[in-house]
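Heads up: the sequence shown at position 182 corresponds to 182 in UniProt numbering, and the numbers run straight through without jumps. Glycine is no exception: its CB is placed at the ideal position from the N, C-alpha and C atoms. Predicted model, so just to flag it, every value in this text is computed and none were measured.
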Amino acid sequence: MAAPGGAHAQADTGSPPAGESLLEYYRQMALIRAFELRAAQMYRMAKIGGYCHLNLGEEATVVGLMAALQQRDYLFTTYRDHGYALARGLEPGRVMAELFGKSTGVSGGRGGSMHLFDQKARLLGGYGIVGGQIPPATGAALALTYRGEPGPDAEAVMCLMGDGTTNIGAFHESLNLAALWQLPIVYVIINNGLGMGTTVENASAEPELYRRGCSYRIEGERVDGDDVLAVRDAARAMLTRARTQRQPGLLEAVSHRLRGHSVVDPARYRSKEETERLRELDPLPALRARLIDDGTLTDESARRIDEQAEQQVDAAVAFADASADPQVSELFEHAYATPVPNAPHQLPGDPLLTLAHASS
Numbered sequence: 001m002a003a004p005g006g007a008h009a010q011a012d013t014g015s016p017p018a019g020e021s022l023l024e025y026y027r028q029m030a031l032i033r034a035f036e037l038r039a040a041q042m043y044r045m046a047k048i049g050g051y052c053h054l055n056l057g058e059e060a061t062v063v064g065l066m067a068a069l070q071q072r073d074y075l076f077t078t079y080r081d082h083g084y085a086l087a088r089g090l091e092p093g094r095v096m097a098e099l100f101g102k103s104t105g106v107s108g109g110r111g112g113s114m115h116l117f118d119q120k121a122r123l124l125g126g127y128g129i130v131g132g133q134i135p136p137a138t139g140a141a142l143a144l145t146y147r148g149e150p151g152p153d154a155e156a157v158m159c160l161m162g163d164g165t166t167n168i169g170a171f172h173e174s175l176n177l178a179a180l181w182q183l184p185i186v187y188v189i190i191n192n193g194l195g196m197g198t199t200v201e202n203a204s205a206e207p208e209l210y211r212r213g214c215s216y217r218i219e220g221e222r223v224d225g226d227d228v229l230a231v232r233d234a235a236r237a238m239l240t241r242a243r244t245q246r247q248p249g250l251l252e253a254v255s256h257r258l259r260g261h262s263v264v265d266p267a268r269y270r271s272k273e274e275t276e277r278l279r280e281l282d283p284l285p286a287l288r289a290r291l292i293d294d295g296t297l298t299d300e301s302a303r304r305i306d307e308q309a310e311q312q313v314d315a316a317v318a319f320a321d322a323s324a325d326p327q328v329s330e331l332f333e334h335a336y337a338t339p340v341p342n343a344p345h346q347l348p349g350d351p352l353l354t355l356a357h358a359s360s
């Protein structure tokens, strides 16, 4: 069974007219919005298990960052990874199937919402442990320095993290090494103002998080995460420096999630006034209005794009529903990259010991 495909460019390699780029970005943002709303619905229907974190409200940041990447670049994400997978070009059906825990999912149903992975797309995982992605991403950037010389066609790494992650040791250790070893990596802080339910101001002595790179002489920049072009251009400039000069960068995108930390979080730590303010900052209707005002879209063409996104998500859910569950006999496959002695093989209900001489 083939998964329903996505229709996104992976990155802008040239400089098309702003209206043309924005129209494509709007399509991607509409798909992510429709996908995430449906994921929340499917979670409430118990078709998705475990934890589920959504990109609702962060679509402009997601699409802008992915537009800056080249296909040859590597991406490490947090557990809030659905939108990044879609914008990176993964098929919505395969992403939804992974959320459903189905064998046709991008990780064969083993990873679920927080652990999307696709080697071909060079999406090297969503990470469920806060900051768990930073050391591996830094190691990947080190590996790239052994592959070839810096230049415009060199590979680079982008490592995403939330604002709360900047307080852990691995963040500082990794930035220090990246600066010392001149690694081709851009660290991106998605600052939605809250580490779960704690504000940045109450958790960080320096709430302007991009400044933390100064300790390691890493250039930092803060950008409006609701402006897809601003995010793209800032990320692209940092990736260019990483490729050509082996100069790591630290980009802070100030974005806003419209829901709680996860699907089950009612976000009671927000006042009604704050919730309403964030709704007014919603980047999707803002971009729609901008495209209509400049004549790139009409109300009717915008509605068609939104409907097409819904149809893609309908097809993704249908594909996930029709997909097979993983077989119990495959439970221990992929536990190790290569065969190892004494690898686990017992299934639930198997006896702990096999008696060679049961009759003795």
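- Residue state for A253 is assigned as strand, using DSSP reduced to three classes.
- Pairwise C-beta distances place the region 106-114 out of contact with the region 144-151, as fewer than three of them are shorter than 8 Å.
- The beta-bridge partner set that DSSP reports for R222 consists of E252.
- One Cα belongs to G164, the other to A34, and the distance between them is close to 27 Å.
- In the three-state scheme derived from DSSP, where H, G and I count as helix and E and B as strand, T104 is classed as coil.
- Here G162 is not near T296, since their CB atoms are 8 Å or more apart.
- DSSP places I129 in the coil class of the three-state scheme, outside both helix and strand.
- Spanning the alpha carbons of Y84 and V62 requires a straight line of approximately 6 Å.
- Per the Cβ contact rule, the region 241-260 is in contact with the region 224-232 (3 or more Cβ pairs under 8 Å).
- The secondary-structure analysis by DSSP pairs F76 across a beta bridge with C159.
- In this structure, the beta-carbon distance from R94 to L123 does not fall below 8 Å.
- Annotated three-state conformation of D118 is strand, per DSSP.
- In the structure shown, the three-state DSSP call for V200 is helix.
- Ranked by Cα distance from L287, the options A39, E58 and K47 are led by E58.
- By the CB criterion at 8 Å, I48 and S113 fall inside the cutoff.
- According to the DSSP assignment, V340 belongs to no beta strand (DSSP E), since it is labelled neither H nor E.
- Listed as beta-bridge partners of G195 by DSSP are T198.
- V188 is bridged by DSSP to L160 and L251.
- C-alpha of N202 to C-alpha of P341: approximately 49 Å in a straight line.
- DSSP places G83 in the uninterrupted alpha helix (DSSP H) bounded by H82 to A87.
- Contact between the region 206-213 and the region 172-191 is present: three or more C-beta pairs spanning the two stretches fall below 8 Å.
- D153 is the residue among L347, Y51 and D153 whose C-alpha sits nearest the C-alpha of R241.
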